[in-house]
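Here the structure is laid out as structure tokens; the discussion comes afterwards.
Number of protein chains: 4
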Amino acid sequence: MNTNKISYNKYLAEIIGALLLVLVVALSGSGLSVIIFAAIAYAFIVYLFGEVSGAHANPAFTIAAWTMKKIKWQDALLYICAQLIGAGIALIILKNITGFQFTNINAIDGLTIWAILKSEIIGTAIFAMAFAAALHGKATKSNVGLVLGFGLFFGLLFANMAGGVGVLNPAVAIGANLLNWATIVGPIIGALIGAWLYRFIVLGNLCGCGTACDSTCGCGFCHKNKAMNNEPSPEVIVVEEVDVLN
Amino acid sequence: MNTNKISYNKYLAEIIGALLLVLVVALSGSGLSVIIFAAIAYAFIVYLFGEVSGAHANPAFTIAAWTMKKIKWQDALLYICAQLIGAGIALIILKNITGFQFTNINAIDGLTIWAILKSEIIGTAIFAMAFAAALHGKATKSNVGLVLGFGLFFGLLFANMAGGVGVLNPAVAIGANLLNWATIVGPIIGALIGAWLYRFIVLGNLCGCGTACDSTCGCGFCHKNKAMNNEPSPEVIVVEEVDVLN
Amino acid sequence: MNTNKISYNKYLAEIIGALLLVLVVALSGSGLSVIIFAAIAYAFIVYLFGEVSGAHANPAFTIAAWTMKKIKWQDALLYICAQLIGAGIALIILKNITGFQFTNINAIDGLTIWAILKSEIIGTAIFAMAFAAALHGKATKSNVGLVLGFGLFFGLLFANMAGGVGVLNPAVAIGANLLNWATIVGPIIGALIGAWLYRFIVLGNLCGCGTACDSTCGCGFCHKNKAMNNEPSPEVIVVEEVDVLN
Amino acid sequence: MNTNKISYNKYLAEIIGALLLVLVVALSGSGLSVIIFAAIAYAFIVYLFGEVSGAHANPAFTIAAWTMKKIKWQDALLYICAQLIGAGIALIILKNITGFQFTNINAIDGLTIWAILKSEIIGTAIFAMAFAAALHGKATKSNVGLVLGFGLFFGLLFANMAGGVGVLNPAVAIGANLLNWATIVGPIIGALIGAWLYRFIVLGNLCGCGTACDSTCGCGFCHKNKAMNNEPSPEVIVVEEVDVLN
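Residue numbers (our numbering), protein chains in the order written: chain A, 1460 to 1705; chain B, 1460 to 1705; chain C, 1460 to 1705; chain D, 1460 to 1705.
Below, the structure is given as structure tokens:
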């Protein structure tokens, strides 16, 4: 991971992740099936690419991760570009290749902008709590896909209940022709609310460095330390060689 | 965890957990879909907040945990307040915001009080065995949400089979307008039966400190020791001190 | 586990496991729903009681485990008694308490005895491979319920495809009024085939002690060693501190 | 595992794996049910036989694993033979035993060869990413079946969306009477694309030995080292032998 030369593969992971997600959402029809299929698809993407790029596959998540200093702004920018490229490829595939049925294209037509915005914010806030759990190392390698899949399922369910269509992802909104300022802005607002709320609940503060540090030295000190590493390495036990030469 | 200053975040976790659970139950319609959605929702809440507050989200569970000395009475009281606040917020949201369809409101209308009480006790007893499994460290961080989700699924299924509606949670009963003395008392009785039965089966006694301690020194000694910590740390690596004094 | 006094709790686990399983099968209706509900119920029972009794909840499995020397004959006998007691309690509950709908009672009426026997053997053989995987420590604490749930799902599916009703469990056959000599004998034959086939495939021999031992010293030596313990303890690593003071 | 005498059991695992998979696909009807049943069946096979043979159960995967030097050509050949034997047994069972309903037999009749080939390549490429994840140790023992089950579910879903029937497995194509050159060639092409793409994304190169090695010494050196072992043993704790002889 600590290589500087070949770091472009994580952008490739983001392209493919967004591409697959858009195709699933665009092709899965409507109602409960699209919710279940999208959730399984995202769980699958997380298991495949979680270790490579974090498997954001969502510009709103990338922005939230950047505000939490979990990703550098240069990387965040490239992640978003990669996600949009993936969505663009999906859009080209969907518009040109016959044999695909493009079902969701008008799903947001009958809705007011406020209904869309409200449901996108609520749904993404719930979904982003799962993302923040993974981001703060609160999910295991075995269950991380499941947790994020449940998060997307649950977020989409609430977005539907709240009267919207439930995209929760600006890249998917673009790729699946569900574009609207509300499907861009809504997820970003929701992701920021959900991710920061989760951090506050789980860590007891907004600094992202645990309660012990915060109570003694505040956020400033906390940010200087490397306590915010994305995936805490599970302390490999190394028993040092003892040379008894005498 | 051993911080005294910022412990209010766990109450926030309980508020949000109860809030989400009430909304799912109130909005998921009826039949099998509400059972599946509620189970996934609770699994999700457990994965998100299990490490923070234990993710009770249920006054009946909090009472059972208190009777097992897994939570102090002050905390138990504040947990229940938090859960009721969450349910109250859900009730306000459900009654005031249009766009939500409040479907379960009359689900218990056609039932006798005895049918409700019986099904609440049976269903919660089954559900509470899963909760007790988590409480006694018999679930892993990877599967705890799954186990409790299965528990709620299975408990709701049995409550339905027994002729009731299946709430299994006094906070949800209040928030989802399924209030009735049987939906308050039933889950509490069920949770006590299920949790204590599970402890007896798994530990071989009612003391909560393992069979080895019990057979030699009884419950009194057991309670004085700190053998009842909520999540037993998996201390596998024991470095034995070897004194080479020659 | 190494207590002699209070070992009766594992029989209680078997009673409750069989009881719940019978109730689910008897009350879940027919078709795919009973398959899914039974699979989830068994996964749940395994997560709850797997560490206590192995969560057999099935006389056919207990017999298979006994032939593999994973359980003593005295224990095996008491396990089967416990499972039958659980099934009997379920039968009493189902016949006496109104409010339960006893749906599966005539499910095997239209079938020939050969169709039942064939489908019970095939289905239980598949299911028993999952049980043997758990018995030989090839499932983790996190996934053991899932693996056995998949096994029951898959076994019931095949039993249905093979033209039978799919009980795969003599205790359930008794408790759910699906009794027939074929639903008693079939699962036992199937369990023996599936469990021994799995052992042969995974260990490369029928001795149950790994290929290394077998190739050098044969089965006789293998059985004398304690290599067949039910749940292999995950080799606690003890790093000895070496003080080199001289 | 390092035994030379009794290595034929892994071929038996491949026979049974392919046999079960063919039966499920041939007997599960059409539409979403066959997708879900096949995915659960494969997850189950992976949990049962993953440690024995890698649970390929698919000639296309065996070929992909061979091109990645994860399996010797002699073994690869015997694996494919075993998978075809399993499919052949399934075919005999399906054609001769009454009580089975052979539903999928004409599923590819109405499709053009190009539609089949396209959908097989797309579907298997997605599925093979999950297989490659397991092959490179990116799945845990707890979640490997889930990840591969999700992969098959997702691959079949995309193959269906792309206008094909979705077999993704030449052995299943033969056993389930879905034979066609496109259902043989398509999965092989797809598996090579998916597996190598995944390796490139996760390792940052095509050598299969991690980025660190690649950036300093290139693929040649990498292949000579034993860095490509099938399942990297998680050797974290290294206790060095200390000889205190004086």
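Even for Gly, the Cβ is constructed at its ideal location relative to N, Cα and C.
Remember, it's a predicted structure, so these values are computed and weren't measured experimentally.
Opening and closing residue of the alpha helix (DSSP H) in which residue i lies
| i | result |
| --- | --- |
| C1666 (chain B) | Element bounds for C1666 (chain B): n/a, residue is neither H nor E. |
| Y1470 (chain C) | 1468–1486 |
| S1492 (chain A) | 1491–1512 |
| G1569 (chain B) | First-last for G1569 (chain B): undefined, no H or E at that position. |
| K1531 (chain B) | First-last for K1531 (chain B): undefined, no H or E at that position. |
| A1524 (chain D) | 1518–1526 |
Amino acids of chain A, ordered along the chain, whose beta-carbon sits closer than 8 angstroms to that of residue i
| i | result |
| --- | --- |
| I1499 (chain B) | F1609, F1612, F1613 |
| M1527 (chain D) | Residues of chain A passing the Cβ test: none, with the nearest at roughly 16 angstroms. |
| A1592 (chain D) | Y1506, L1507 |
Within chain B, partners of residue i - CB distance below 9 angstroms
| i | result |
| --- | --- |
| Y1538 (chain C) | Under the 9 angstroms cutoff, chain B gives no residues; its nearest Cβ is about 14 angstroms from Y1538 (chain C). |
| T1642 (chain A) | Within chain B, no residue comes near T1642 (chain A); the closest Cβ sits about 17 angstroms away, beyond 9 angstroms. |
Residue i vs residue j beta-carbon contact at 7 angstroms
| i | j | result |
| --- | --- | --- |
| V1505 (chain A) | L1615 (chain A) | no |
| L1471 (chain D) | I1660 (chain C) | yes |
| V1511 (chain B) | A1500 (chain B) | no |
| I1575 (chain C) | A1641 (chain C) | yes |
| A1514 (chain B) | A1654 (chain B) | no |
| G1625 (chain D) | G1582 (chain D) | yes |
| L1478 (chain B) | K1529 (chain B) | no |
| L1480 (chain D) | V1631 (chain D) | yes |
| A1485 (chain C) | A1618 (chain C) | no |
| F1613 (chain C) | I1585 (chain C) | yes |
| L1536 (chain A) | A1592 (chain D) | no |
| F1609 (chain B) | F1609 (chain A) | no |
| G1509 (chain C) | V1603 (chain C) | yes |
| N1468 (chain C) | G1622 (chain B) | no |
| I1647 (chain A) | G1545 (chain A) | no |
| N1707 (chain A) | N1517 (chain A) | There is simply no residue 1707 (chain A) to check, as chain A begins at 1460 and stops at 1705 in what is shown. |
| I1548 (chain C) | T1521 (chain C) | no |
| K1600 (chain A) | T1599 (chain D) | yes |
| A1541 (chain D) | A1587 (chain D) | no |
Where residue i meets chain D, residues with beta-carbon distance less than 8 angstroms
| i | result |
| --- | --- |
| F1659 (chain C) | N1468, L1471 |
| A1589 (chain C) | F1503, Y1506, L1507 |
Closer than 7 angstroms to chain C by CB, residue i
| i | result |
| --- | --- |
| A1549 (chain D) | no |
| G1596 (chain D) | no |
Beta-carbon neighbours of residue i, restricted to chain A and to distances below 9 angstroms
| i | result |
| --- | --- |
| N1517 (chain D) | Neighbours of N1517 (chain D) on chain A: none; closest Cβ ~18 angstroms, over 9 angstroms. |
| L1616 (chain D) | V1483, L1486, S1487, F1496, I1499, A1500 |
7 angstroms Cβ cutoff, residue i in contact with chain D
| i | result |
| --- | --- |
| G1476 (chain A) | no |
| S1489 (chain A) | no |
| L1553 (chain A) | no |
| G1663 (chain C) | yes |
| V1606 (chain C) | yes |
| A1686 (chain A) | Only weak support exists for where A1686 (chain A) lies, its pLDDT of 37 falling under 50; the value from the coordinates is given anyway. It does not: the Cβ of A1686 (chain A) has no partner Cβ on chain D nearer than 7 angstroms. |
| C1681 (chain C) | With a pLDDT of only 47 at C1681 (chain C), under 50, the local geometry of the prediction cannot be trusted, and no value is derived from it. |
C-beta neighbour in chain B for residue i, strict 7 angstroms
| i | result |
| --- | --- |
| N1619 (chain A) | no |
| G1509 (chain A) | no |
| F1503 (chain C) | yes |
| V1631 (chain A) | no |
Chain-ordered chain C contacts of residue i [CB-CB under 8 angstroms]
| i | result |
| --- | --- |
| K1600 (chain D) | T1599, N1602 |
Residue i: contacting residues in chain A (beta-carbon distance under 7 angstroms)
| i | result |
| --- | --- |
| L1486 (chain B) | M1620 |
Neighbour list for residue i in chain D, Cβ cutoff strictly below 7 angstroms
| i | result |
| --- | --- |
| V1624 (chain C) | Those do not exist, as V1624 (chain C) stays about 13 angstroms from chain D at its closest Cβ, beyond 7 angstroms. |
Residue i at chain A interface by Cβ criterion, 7 angstroms
| i | result |
| --- | --- |
| S1493 (chain D) | The amino acid occupying residue 1493 (chain D) in the given sequence is Val; Ser does not appear at that position. No, V1493 (chain D) does not count as interfacial toward chain A. |
Residue i: CB within 6 angstroms of a non-hydrogen atom of the ligand FAD
| i | result |
| --- | --- |
| C1666 (chain B) | The ligand FAD is absent from the structure shown, which contains no ligands of any kind. |
Hey, which unbroken runs of the alpha helix (DSSP H) at 4 residues or more fall wholly within the segment 1581–1655 of chain C? 1603–1620, 1629–1634
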